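Scroll down for the structure; my scribbles are underneath it.
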Amino acid sequence: MIATRILTGDAVAGALDDLARLRIAVFRDWPYLYDGDVDYERDYLTAYQSPGAVVVAAYDGARMVGAATGAPMEHHAGDFAAAFATRAEPLDQIYYCAESVLLPEYRGHGLGHAFFDGRDAQARTLGRRYSAFCSVIRPADHPLRPAEYRPLDGFWRKRGYAPLPGVIAGFDWKDIGEAAQTRKSLQFWMKSL
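For what it's worth, our numbering labels the leading residue of the sequence shown as 133, then goes sequentially.
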């Protein structure tokens, strides 16, 4: 039986190692192709111990099998200020739905909805007017794209999200099989709460 738990503040600290391992495992696959390490992940994930942040975690017994993170957008202002520079929405009115990671064998059972529901509830508690996330942009003919890959655009649209034209962030990470980090483009999607 899969159970979801809402983790905030100090409760996040006890889940950081599990969350780090999960992110590395899931983001190694298409479309992220991320070659990550636990030390970087632990450092990155401490941001989700901050006020207003949330981790919606899915457990199969004691094992974390999925999680979604979220935080007030201004906690990520350094990364996203340029992408949102032409937008009218103030960053302090946007809740950022960061990553959603779920092991493949647990997909298709409604956990994606539970992840968004938990983050939406946190955003509303904080009085946010918008919810946003970003997805990596990869070319359709990328040599590592699996033939059976199905984009999540339809799922996101059913949740009320739409891509924001021209609102694209750039992040660096090392792809599997590469020697160094390269810049990736990520498309922002947003909805009103």
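By construction, the Cβ of each residue, glycine as well, lies at the ideal position given by its N, Cα and C atoms.
In this text, all values refer to a predicted model and were calculated from it rather than measured experimentally.
Within the same chain, and ignoring the five residues on either side of L243 in sequence, the residues whose Cβ sits closer than 8 Å to its Cβ are I134, T136, A190, G198, L234. The C-alpha of R277 is placed about 37 Å away from the C-alpha of G141. By alpha-carbon distance to T201, the top candidate from L318, A255, L284 is A255. Shortest Cα-Cα distance from L325 to any of S232, S267, G250 involves G250. Around the Cβ of Y281, a 10 Å sphere holds fewer than 16 other Cβ atoms; the residue is exposed. Taking 8 Å as the cut-off, the Cβ atoms of H207 and S182 count as close.
In the DSSP assignment, T178 falls outside any alpha helix (DSSP H), carrying neither H nor E. Following the DSSP letters along the chain, one finds A199 in no alpha helix (DSSP H) but inside the beta strand (DSSP E) bounded by residues 195-204. Under a 10 Å Cβ-count criterion, D252 is classified as buried, with 16 or more other Cβ atoms of the shown protein chains found around its own Cβ. The beta carbon of D224 lies closer than 8 Å to those of P204, M205, E206 in the same chain, with the five residues before and after it left out. Note on geometry: alpha-carbon atoms of L165 and V268 lie some 10 Å from one another. Counting only residues of its own chain and dropping the five nearest sequence neighbours on each side, W162 has a CB closer than 7 Å to the CB of L276, R277, P278, Y281.
Take L154, set aside five residues on each side of it, and the residues of its chain with a beta-carbon closer than 8 Å to its own are M196, V197, G198, A199, V233, L235, in chain order. Looking at K290, Y238, D211, P283, the one whose alpha-carbon comes closest to that of D304 is D211. F247 and G146 have their C-alpha atoms some 19 Å from each other. I308 sits close to D167, with the two beta carbons spaced by under 8 Å. Looking only at G184, H241, T218, G193, the smallest Cα-Cα distance to Y228 is reached by G184.
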